[in-house]
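Just so we're aligned, residue 152 is where the sequence shown starts under our numbering, counting upward by one.
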Amino acid sequence: GKGTLYVLRAFEELYKADKRFYLRIAYGNLPENWHHEKCEIVIPQNDSELADYYRSLDVLVAPGTIQHGAPHYPVMEGLACGVPVVTTGYLCASESTAWLVKNKDVDSICHAINAIISDSNFTQQKIENGVRLMAAYSWDNVAGSFIKHFR
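Next comes the structure, spelled out in structure tokens:
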């Protein structure tokens, strides 16, 4: 359901065209025989390291294949951290906050990443929209809302 295979294939295609591409994958979980010299496995040990991982990305690609429309932590974390998010469509990801791609579609992922790279103004606007939207999910706002319900 995570769509990792489609990320790997898109990375391979992008790397063929431009050797500057580099892949960072949290926690690994790669297919047994897959490896690439420009792939780094990152294993965050706690929430702080996980947040550092998200902030370190130029683009977060999360093309899950199931449960579209549901909350998906990587998508929400990427949006909150101000990282361009490429996804098949989860809670908070829309045309105004992220780059939505077709399910199980490598070409769609490649196209979205190239769009992010090629239009910095459009990319910056989507990032700002995502950060603003995710502010509603901050601990301060969620806790404040919860306290109001108790009163």
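Beta carbons: idealized from backbone N, C-alpha and C, even for Gly.
Query raised in the report: Which residue's Cα is closest to the Cα of residue 285: 179, 162, 244, 206?
Result: Residue 244 is the option with its Cα nearest to residue 285.
Report task. Could you tell me whether the Cβ atoms of residue 281 and residue 208 are closer together than 8 angstroms? Result -> The criterion of a C-beta distance shorter than 8 angstroms is not satisfied by residue 281 and residue 208.
Query raised in the report: Quick one: is residue 218 near chain C, going by C-beta distance under 8 angstroms?
Result: Judged by its chain identifiers, the structure shown contains no chain C, having just a single protein chain.
Query raised in the report: If you run the structure through DSSP and keep just helix, strand and coil, what is residue 194?
Result: Assignment of residue 194 by DSSP, reduced to helix, strand and coil, places it in the coil class.
Report task. Mind the definition here: the stretch 259-277 touches the stretch 209-216 only if three or more C-beta pairs lie below 8 angstroms; say whether that holds. Result -> By the Cβ test, the stretch 259-277 is in contact with the stretch 209-216, since at least three Cβ pairs between them sit closer than 8 angstroms.
Query - Residues that DSSP places opposite residue 303 in a beta bridge - result: Since the first and last residues shown for the chain are 152 and 302, residue 303 lies out of range.
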